[in-house]
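In this text, residue positions in the sequence shown follow the numbering used here: the first is 166, and each later residue adds one. Below is one structure, written out as structure tokens, with a few remarks after it.
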Amino acid sequence: MATNQVSEVIQYLRRTLLPDAAEMTDGQLLSRFIDGRDEGAFAALVKRHGPMVWGVCRRLLANHHDAEDAFQATFLVLVRKAATVLPREMVANWLYGVACTTAHRANVAAAKARRRERQLVEMPEPAVAEPDLWADLRPLLDQELTRLPDHYRVVVVLCDLEVKTRREAARQLGLPEGTVASRLARARTLLAKRLAGYGLGVSGGALAALLSQEVASARVTTSVVSSTIKVANPFAAGQAAAVSVKVAALTEGVLKIMLLSKLKHAAVALLLVCFLMVGAGAVISRTSAGEQPEKGEAVERNEKDKADKEGVPSALDKGEAKIKTRWEYKALSPDEIKALEFKRRGTDTAEGGLNMLGDEGWELVAIEPPVRGPASPFGDRPALYVFKRQKK
Numbered sequence: 166m167a168t169n170q171v172s173e174v175i176q177y178l179r180r181t182l183l184p185d186a187a188e189m190t191d192g193q194l195l196s197r198f199i200d201g202r203d204e205g206a207f208a209a210l211v212k213r214h215g216p217m218v219w220g221v222c223r224r225l226l227a228n229h230h231d232a233e234d235a236f237q238a239t240f241l242v243l244v245r246k247a248a249t250v251l252p253r254e255m256v257a258n259w260l261y262g263v264a265c266t267t268a269h270r271a272n273v274a275a276a277k278a279r280r281r282e283r284q285l286v287e288m289p290e291p292a293v294a295e296p297d298l299w300a301d302l303r304p305l306l307d308q309e310l311t312r313l314p315d316h317y318r319v320v321v322v323l324c325d326l327e328v329k330t331r332r333e334a335a336r337q338l339g340l341p342e343g344t345v346a347s348r349l350a351r352a353r354t355l356l357a358k359r360l361a362g363y364g365l366g367v368s369g370g371a372l373a374a375l376l377s378q379e380v381a382s383a384r385v386t387t388s389v390v391s392s393t394i395k396v397a398n399p400f401a402a403g404q405a406a407a408v409s410v411k412v413a414a415l416t417e418g419v420l421k422i423m424l425l426s427k428l429k430h431a432a433v434a435l436l437l438v439c440f441l442m443v444g445a446g447a448v449i450s451r452t453s454a455g456e457q458p459e460k461g462e463a464v465e466r467n468e469k470d471k472a473d474k475e476g477v478p479s480a481l482d483k484g485e486a487k488i489k490t491r492w493e494y495k496a497l498s499p500d501e502i503k504a505l506e507f508k509r510r511g512t513d514t515a516e517g518g519l520n521m522l523g524d525e526g527w528e529l530v531a532i533e534p535p536v537r538g539p540a541s542p543f544g545d546r547p548a549l550y551v552f553k554r555q556k557k
């Protein structure tokens with residue numbers, strides 16, 4: 166019996182260990198899992214990104230067992246939605262978003278359970294004072310990090326939460342190292358400013374140091390990692406997997422959120438297309454109305470000449486002639502507005518960008534709301550500002 170157990174372990178290790186996994190990129194590992202359900206590739210992804218996911222779950226969930234459930238559910242969502250991770254090299258950023266959503270959902274479920282328990286037995290737990298700065302930062306850090314623009318959040322995830330060097334992050338993102346360094350500095354500054362709004366005075370450098378200490382202390386248990394890897398392929402195939410009821414409910418809940426986010430994203434995109442089509446129709450109709458046949462223009466001119474000779478005002482003088490109006494439209498995100506102003510004026514504020522566009526004759530006619538949700542397979546879509554101006 167013991168020999169059989171050893172044999173099973175050896176076979177499991179052969180299936181899960183990928184000799185060249187350390188040399189493979191996230192995109193290559195993900196492709197191997199998507200194309201062939203390669204358990205070794207999935208195991209490498211869990212090993213590579215597990216500490217970061219575990220850190221998110223531990224920061225957002227006070228209960229250790231809830232954190233383990235959220236950890237496992239996060240990777241089971243990856244099993245089901247691996248093909249939606251685009252680009253595939255952005256696995257870390259995608260997993261971070263899913264982990265935040267999963268932990269939030271676990272918190273909601275835990276709060277409901279606690280309310281039911283209080284209804285049965287009123288026994289409040291004693292509060293434990295945590296006077297250190299990290300205790301104050303922990304519940305707010307991920308909340309504000311998820312609200313950063315995607316190109317800022319990803320460098321924080323890679324460099325501060327996964328402790329990659331800027332060179333490694335640059336190679337993974339396909340960017341110059343200097344670009345990664347500047348974005349990381351800017352992201353830390355923005356994050357520190359947002360935390361300062363809660364009365365937490367911390368610099369970008371101090372925040373990075375706190376994160377590195379927290380990541381170093383994050384250790385996910387081997388049993389949770391191995392059980393997550395073992396259930397991956399059965400779960401992907403829709404078979405009965407050895408997961409707890411809580412993990413299954415968490416996973417299905419997050420998958421439902423992702424579907425709703427996808428539908429919402431598609432609906433907003435459809436509304437924007439309809440809006441632009443209506444605008445284009447208005448442009449065509451106004452242009453058509455303004456472009457009168459030459460014969461009609463000659464008649465109006467003759468009427469004006471005749472009226473001038475008779476000393477009476479003509480329709481042209483009264484402003485009753487048809488006005489030739491042509492419009493052009495464009496939609497810009499807040500970051501694009503800032504970049505446009507920075508390129509032309511050297512400053513970087515949304516207000517200044519809007520004023521600059523107004524000076525150039527652009528009129529703001531609509532604002533499409535942002536599509537948020539870190540678990541969205543499409544990523545966050547920022548707000549879109551739709552402008553129009555009369556063609557010259």
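Idealized CB from N, CA, C, for every residue including glycine.
query: CA-CA distance, Ala-350 and Arg-491?
result: The residue labelled residue 350 in the question sits at position 185 within the sequence shown. The residue labelled residue 491 in the question sits at position 326 within the sequence shown. The alpha-carbon atoms of Ala-350 and Arg-491 are separated by roughly 44 Å.
query: Considering Trp-492, what are the terminal residues of the beta strand (DSSP E) in which it resides?
result: The residue you call residue 492 lines up with position 327 of the sequence shown. That run of the beta strand (DSSP E) goes 492 to 497.
query: Around the C-beta of Asp-203, are 16 or more other C-beta atoms found within 10 angstroms, so that it is buried, or is it exposed?
result: In the sequence shown, the residue the question calls residue 203 occupies position 38. With 16 or more Cβ atoms within 10 Å of its Cβ, Asp-203 is classed as buried.
- request: Check Val-412 in the structure and name its three-state DSSP category.
  value: On the sequence shown, residue 412 is found 247 positions in, with the first residue counted as 1. In the structure shown, Val-412 sits in a helix (DSSP, three-state: H, G or I).
message: I need the DSSP call for Val-211, collapsed to helix, strand or coil.
response: Within the sequence shown, the letter at position 46 stands for residue 211. Here Val-211 sits in helix by DSSP.
field: Candidates Ala-414, Lys-495 and Ile-502: closest to Ala-235 by CA position
entry: As a working mapping, residue 235 is identified with position 70 in the sequence shown. For Ala-235, the nearest C-alpha among the options comes from Ala-414.
task: Since I believe Val-320 is in contact with Val-345 (beta carbons under 8 Å), could you give me their beta-carbon distance rounded to a whole number of angstroms?
output: Locating residue 345 in the sequence shown gives position 180, where the first residue counts as 1. Locating residue 320 in the sequence shown gives position 155, where the first residue counts as 1. Between Val-320 and Val-345 the Cβ distance is about 6 Å, and since that is below 8 Å, they are a contact.
message: Report the CB separation of Ala-268 from Leu-226 in whole angstroms; it is logged as a contact under 8 Å.
response: Here residue 268 corresponds to residue number 103 of the sequence shown, with the count starting at 1. Here residue 226 corresponds to residue number 61 of the sequence shown, with the count starting at 1. Yes, they are in contact, since the Cβ atoms of Ala-268 and Leu-226 sit about 5 Å apart, within 8 Å.
query: Going by Cα to Cα distance, which pick from Glu-188, Thr-387, Tyr-550 and Asn-228 is closest to Glu-333?
result: For this step, residue 333 is matched to residue 168 along the sequence shown. Taking only the C-alpha atoms, the option nearest Glu-333 is Glu-188.
query: Among Ser-391, Phe-198 and Val-322, which residue has its Cα nearest to the Cα of Val-245?
result: Numbered from 1 along the sequence shown, position 80 holds the residue referred to as residue 245. The sequence as given places Arg at residue 245; Val does not occur at that position. Out of Ser-391, Phe-198 and Val-322, Phe-198 has the C-alpha closest to the C-alpha of Arg-245.
message: Would you call the segment 337 to 344 in contact with the segment 363 to 380, where contact means no fewer than 3 C-beta pairs closer than 8 Å?
response: no
- prompt: Shortest alpha-carbon distance to His-316 belongs to which of Arg-353, Ala-300 and Leu-306?
  reply: In the sequence shown, the residue the question calls residue 316 occupies position 151. Checked all of Arg-353, Ala-300 and Leu-306; the closest Cα to His-316 is Arg-353.
- prompt: Which two residues bound the contiguous beta strand (DSSP E) that contains Lys-553?
  reply: As a first step, residue 553 is located in the sequence shown; it is residue number 388 there, counting from the start. It spans 549 to 555 - the beta strand (DSSP E) in which Lys-553 sits, taken as one unbroken run.
- prompt: Per DSSP, Met-529 forms a beta bridge with which residues?
  reply: The count along the sequence shown starts at 1 and reaches residue 529 at position 364. What sits at residue 529 in the sequence shown is Leu, not Met. Paired residue(s): Phe-552.
- prompt: Quick one: what does DSSP say Asp-185 is sitting in, helix, strand or coil?
  reply: Along the sequence shown, read from residue 1 onward, the residue named residue 185 stands at position 20. Note: Asp-185 maps to coil in three-state DSSP.
message: As a quick exercise: from Ala-402, Gln-308, Leu-194 and Val-408, pick the residue whose alpha carbon is nearest that of Arg-359.
response: Taking the first residue of the sequence shown as position 1, residue 359 is located at position 194. Checking every option, the nearest Cα to that of Arg-359 belongs to Gln-308.
Which of helix, strand or coil DSSP assigns to Pro-304: As a first step, residue 304 must be located in the sequence shown, where it is residue number 139. Residue state, collapsed to three classes: helix.
message: Excluding the 5 residues flanking Ala-357 on each side, which residues of the same chain have their C-beta closer than 7 Å to its C-beta?
response: As a first step, residue 357 is located in the sequence shown; it is residue number 192 there, counting from the start. For Ala-357, where only same-chain residues beyond five positions count, the Cβ hits under 7 Å are Val-367, Ser-368, Gly-369 and Leu-372.
query: Can you give the beta carbon distance from Thr-393 to Val-256, rounded, assuming they're within the 8 Å contact cut?
result: Along the sequence shown, read from residue 1 onward, the residue named residue 393 stands at position 228. Along the sequence shown, read from residue 1 onward, the residue named residue 256 stands at position 91. Rounded, the Cβ-Cβ distance is 15 Å, inconsistent with contact.
field: As assigned by DSSP and simplified to three states, the class of Lys-329
entry: Within the sequence shown, the letter at position 164 stands for residue 329. Of the three classes helix, strand and coil, the one that applies to Lys-329 here is coil, per DSSP.
Between the CA atoms of Ile-502 and Gly-518 - distance to the nearest angstrom: If you number the sequence shown from 1, residue 518 lands on position 353. If you number the sequence shown from 1, residue 502 lands on position 337. Their Cα atoms are separated by approximately 5 Å.
query: Does the Cβ-Cβ distance between Tyr-550 and Leu-497 come in under 7 Å?
result: Taking the first residue of the sequence shown as 1, we reach residue 550 at position 385. Taking the first residue of the sequence shown as 1, we reach residue 497 at position 332. Yes, they are a contact pair.
- request: Run through the segment 349 to 425 for me and flag every whole alpha helix (DSSP H) of 4 or more residues, listed as ranges in chain order.
  value: 369 to 382, 387 to 395 and 397 to 401
query: Is the beta carbon of Ala-232 less than 7 Å from the beta carbon of Cys-222?
result: Here residue 232 refers to the residue found at position 67 when the sequence shown is read from its first residue. Here residue 222 refers to the residue found at position 57 when the sequence shown is read from its first residue. Going by C-beta atoms, Ala-232 is nearer than 7 Å to Cys-222.
field: Delimiting residues of the alpha helix (DSSP H) encompassing Leu-194
entry: Here the question's residue 194 lines up with position 29 in the sequence shown. Its alpha helix (DSSP H) spans residues 191 to 201.
field: Proximity winner among Lys-411, Ser-388, Thr-266 and Val-408, relative to Val-218 (alpha-carbon distances)
entry: The residue you call residue 218 lines up with position 53 of the sequence shown. Checked all of Lys-411, Ser-388, Thr-266 and Val-408; the closest Cα to Val-218 is Thr-266.
query: Cβ of His-230 within 6 Å of any heavy atom in the ligand SAM?
result: Ligands displayed in this structure: none; no statement on the ligand SAM is therefore possible.
Selection from Val-408, Thr-239 and Thr-330 that minimises the alpha carbon distance to Met-423: One-based indexing of the sequence shown puts residue 423 at position 258. Out of Val-408, Thr-239 and Thr-330, Thr-239 has the C-alpha closest to the C-alpha of Met-423.
query: Just curious, the alpha helix (DSSP H) that Arg-245 is in, first and last residue?
result: Locating residue 245 in the sequence shown gives position 80, where the first residue counts as 1. Unbroken alpha helix (DSSP H) run through Arg-245: 229 to 246.
Distance, Glu-493 Cα to Gln-555 Cα: The residue you call residue 555 lines up with position 390 of the sequence shown. The residue you call residue 493 lines up with position 328 of the sequence shown. The straight-line gap from Cα to Cα measures roughly 6 Å.
message: Using only the alpha-carbon positions, how far apart do Leu-355 and Ala-402 sit?
response: As a position in the sequence shown, residue 355 is number 190, starting the count at 1. As a position in the sequence shown, residue 402 is number 237, starting the count at 1. Their backbone Cα atoms lie some 42 Å apart in a straight line.
message: Gln-237 and Val-412 - do their beta-carbons sit closer together than 7 Å?
response: Here residue 412 refers to the residue found at position 247 when the sequence shown is read from its first residue. Here residue 237 refers to the residue found at position 72 when the sequence shown is read from its first residue. Yes, they are a contact pair.
Nearest to Lys-495 (by Cα), restricted to the options Leu-529, Leu-326, Thr-190 and Glu-254: In the sequence shown, residue 495 corresponds to position 330, counting from 1. Checked all of Leu-529, Leu-326, Thr-190 and Glu-254; the closest Cα to Lys-495 is Leu-529.
message: On the DSSP letters alone, give me the boundaries of the alpha helix (DSSP H) that Val-578 sits inside.
response: In the structure as shown, the chain starts at 166 and stops at 557, and residue 578 therefore has no counterpart that could be examined.
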